[in-house]
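In terms of this note's numbering, the sequence shown has 825 at position 825, counting the first letter as 1, and numbering is strictly consecutive.
Ideal Cβ positions, reconstructed from N, Cα and C, are used throughout, including at glycine.
The structure presented is a predicted model; accordingly, all values stated were derived computationally and were not measured.
Report on one structure; see the data block that follows.
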Amino acid sequence: MASPAGPTTPQPPPLVGRHDVLDAFDRTLDSWQDGGFRHLTLVGEPGMGKTRLLRELQRAARARDLPTLEGRAAQFEQDTPFGLVVDALDDQVEGTDLELDADLRRLLAPVFPVLAPDPAAARSEAARIEDLSGLARHHLHKAMRKLLDLIAGPEGLVLLLDDVHWADDPSLDFLDYLVRHPPRSKVLLGLAYRPAQASSRLMTLTEGINIEVRPLTDTEAAEILGPRVGGPPSRELLRAGGGNPFYLEALAQMNEAKTAAPEGGDGDAMPDLPLAVRAALQAEFAGLSSTALTAARAGAVAAGEFGAQLAAVAMGRSEDEALAALDELVERDIIRLTAPTRFQFRHPLVRQAAYESAPAGWRLGVHARLADYLGRSGAPATVRARHVERSARDGDRAAISTLIEAGRSVRTHAPSTAAHWLKAALGLMPHGSAEESAAERHGEERDLEQDRVPSRSELLFELLQVQAVSGQAEEGTDTARTLLQLLPVHDHVRRARVVQLYGVMQRQLGRHAYARALVREELDRISDPKTAAAAMLNLRRTADLLQSLDIAGAHATLDQIPENVPGWDPGLEIAVAAMRPLVAYGEGHVLDALRQVDLVGVLFDQTSDEQLARYMDSLVWLGWTEVLLGRYDAAFRHLERLTTVTRVTGQSYILAYLLSAQARVFVLRGQLSDAVVPGEEAAEIARLLRSGESLTYALTQQCLRASYEGDHDQALALGEEAVKNDPCTGEWGGSMARFGFAAALVAAGRLDEGAAAIRELWNDDTASRLDPGTQVSCAERMVFVQSSLGRSEEALRWASLAEAIAHPDLPGETGLARLGRAHAQRLADPVAAARSAADAAELLLAAGRRPDAGHAELTAGLAHSEAGQRAAARLRLQAAREIFEACSMRGLHAQVVREQRRLGVYVPTVTSRSGGGHGLSRRELEVATLAVAGDSNQEIAEKLFISVRTVETHMSHIFAKLGVTSRVGVATALAESAR
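Written out as structure tokens, the structure is:
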């Protein structure tokens, strides 16, 4: 929340020591004046003074006229989604006239209820298709980053977040995103947390300035204890204080008051505190009236920040009594006024002491009173759930419904919190009820409705799905095991669906062999291979075998599935059919693969989204097969539809693979700016899922895109991360990562390293786990390297290898092989090399692979030049330049321009990639032009053959580059640029 201007708190004692930290603050703020994003972290044990130091950082920032905001995570509110972020920004969102457009308000409304639409708008909003995939979180993170940009404005913002070790998972997800994708505005993020209680995810946020808050020296400790100890402090007192400022203050107060430890609680929740300090904390409550002590305990149970009315309900007293008790607590500096009607404990350890001093049974009653009061007040389920969870009795259907409602209401933007509430609901459900037993005995599968309590198996399956999309794979495997134990052995269809998800999560954890074993074990339970359940499991097994490039095994497994069975779901039929073309391609039967993939395309168009949704983990391979076969238009169309279905059904564990395939299509066709969004979204989904496998897929495509663009540093970083991220499982995705990194090395001019990386692919047999088309690409790059290094024999050998692998019915493969031959011929016969390169360019353009065609045109131009055929060289180089310019391939474009100028061609210097002063890329300029002409985002998407989401991303980039906030501003900026 924003630093309060009205209520005041007692002045803290003078700061002792910490000169090194204060100096670091000054250096950071002074060096940050130029702008940008900075990230500063204070790490120290409880009571070490991190909060006080954040106040000093705030004071130093204000002395420089820098706006500051602060937020604090609370120990007992960790199940409140985005609680830390809301605490810091809610007042700004509610009380400041920020320019939030409709889309931004819609995205932010789940986190900031004040932005929720009015009832009429809400009804319109309800008609929108809900995105249940993990991308809902990704787009929310982007919206929250934009919110920070708006709040920061031109002056900048210092955002201070305390006690981050208690932050809820969604807030941590956002902080992780923010550090990896910094805001564009001037923002300094200051975090403070306890290392012993920090999650591993929090500990990875170490890219910024890290300051360890160490214990005070004995001299500094003695200064804090001062005269309150009645003379020089004893060695025992100094030892008990441990150089910890909070402990020392507590010991000094206890010594000054000469009191003993108070009644109530044994302090077991504070095991890390010295006994003397624990007693000192509990002594805070000695001498309080019974009503004030009750108020302190009730406030600790109620909320991190609470008002008098909530305290009165928690106490079970009148509001007047509560106010009098709160006044007494304020006077004793146990709680402090943080806003005109809001209170907060002086320190989290004081709140913890108050909470633990209360009898457990009494706390249960407080939670029950609060749950009842909030329910009668119409509070949303997410607000009531914390108190319901802590007070409900087993079998309480109303409580179970509340917890389920809370979980379902946050599953899109906070699935980890949703999983928590669903588990809490399961904990209240009775085992073995008559209704549940009958349902499980007969294998009934009922729809999940909002107005009834589902059966245990239904709720477990819902929990399993939420865990699968929230990165809780380890917990999900436990849920899956429980569900399989509950479901009857003859309930093959539901068991198969559970095993499918179980296997997906095992793959997320890198346990590929175990995932395959799960499928085999469940298959052994099914006696009839013609059942739908057996087909589903064999499809899962086929996909696993294909990823490890075991084509023979995949073929044998597919042969166990009948072509079709009467009564089969149409979605299952197309899922089986979708796997066969990839197997045929892997076996070298390309014509069969092309015929089969065309037939599947027809079936695909005739199948409903609902039918497709049940088999997404198989259908994803249809898109990848079409990519490998060079059917890019069909691949894009099918991938777009599958992506939409996946978003709506929340199967984000499939989404990263689909988006990576989309990025691959764009890269191969040279639509590099269009490849940015699906590549970034695929990586973000993979990180949210903590899925190493899908992250490897995404990073590889990002690496290849950056390499084509000429951003070699980024390409190498992405490629290296992709390789390190792969656990060497010997599967296609990991081999592709190694190819991408090798290609990036070659493109960056690190030829010897690139050659070594390619040779390693072949020598350790990794190349055998690449698809044939990528093998040809790999060999072509090796020919280029060997030719560039003057090694003609090696170049010819690799050129022959590329030609042997390339299939004659795939122009993309034969074009690359022909380009490889051209590289090899340049050393001895540049004229022949020019002919081969020209043939390659024609084949590659026919295949739709513009970047590779541009390479071929460049090679032809260089060969003509070396042969003294200057006119032909100029024509080929001009063709290459046009391709590279159209594809935004900056590095190769610059090389072509140098070659053209060397041949005497006049090439004007441009001030930006698009030729204007606005700095827009070619694609951004196309989008901007159509937007200014009045086209909607949907119309722009249709005209440019891209997705609406890609258009939205381009528009946000256009606004940022032009410094405008509307389409009218775009029109004005473009008009001024054209003058």
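Contacting residues, own chain, Cβ-Cβ under 7 Å from residue i (five flanking each side not counted)
i	result
I654	M616, D617, V620, T646
E952	N937
Q472	S416, A419
D20	none
T700	A722, M736, A737, G740
V964	V970, A973
L962	H918, G969, V970, A973
A880	G854, E857, L858, G861, V896
I958	L920, E924, V927, A928, V970
Check whether residue i and residue j have beta carbons under 9 Å apart
i	j	result
Q606	R580	no
L175	V158	no
V590	L629	yes
K146	S956	yes
Q508	G571	no
G812	D839	no
L89	L140	no
P830	A802	no
L57	L161	no
Separation of residue j from residue i, as counted between CA atoms
i	j	result
G848	E684	29 Å
A371	A425	15 Å
A871	E899	13 Å
G267	A353	Bear in mind that a pLDDT of 32 at G267, under 50, signals an unreliable position, so the number given afterwards is only what the model happens to contain. Taking the straight line from one Cα to the other gives about 7 Å.
G623	L658	8 Å
V330	F345	9 Å
T649	P772	34 Å
R541	A136	30 Å
L403	L191	32 Å
E882	G503	47 Å
L845	A833	18 Å
L877	R705	22 Å
W798	A682	34 Å
L518	S457	20 Å
Y514	Q506	7 Å
Q450	A379	Low local confidence applies: a pLDDT of 44 at Q450 is under 50, so the model's placement there is unreliable, with the coordinate-based value given in what follows. In a straight line, the C-alpha of Q450 is about 18 Å away from that of A379.
D218	G242	9 Å
L40	V453	47 Å
T479	S660	29 Å
E263	V366	Confidence at E263 is low in this model, with a pLDDT of 38, below 50, so its placement is unreliable and no value can be given for it.
E475	W32	42 Å
L189	R59	15 Å
T696	K724	9 Å
L374	T557	56 Å
D173	Y906	52 Å
Residues near residue i by beta carbon distance below 6 Å, same chain, minus five either side
i	result
I561	A535, N538, V576
G17	L216, E220
A755	V785
T294	M315
E94	V114
A675	A663, F666, V667, R705
H954	E924, V927
E976	none
Residues bridged to residue i (per DSSP)
i	result
F739	F739 pairs with nothing; no bridge assigned.
H589	Bridge partners of H589: none, in fact.
R64	For R64, which the question treats as bridged, DSSP gives no partner whatsoever.
H39	L189
G71	L161
A24	Looking at the DSSP assignment, A24 forms no beta bridge with any residue, so it has no partner.
I335	F345
Cβ-based neighbour list, residue i, same chain, cut-off 8 Å, excluding 5 preceding and 5 following
i	result
S548	H512, T729, G730, E731, W732, R769
In chain order, each alpha helix (DSSP H) run of at least 4 residues that lies wholly inside the stretch 775-833: 792-805, 811-825
Which ranges would you report for the beta strand (DSSP E) in the stretch 160-226 if only whole runs of at least 3 residues count? 187-193, 209-212
Inside the stretch 443-517 only - alpha helix (DSSP H) runs reaching at least 4 residues: 456-469, 473-486, 492-508
My parser needs the alpha helix (DSSP H) runs of 4 or more residues fully inside the stretch 852-886; what are they? 870-886
Tell me the start and end of each unbroken alpha helix (DSSP H) in the stretch 570-626 that is at least 4 residues and wholly inside, in chain order. 570-586, 590-606, 609-613
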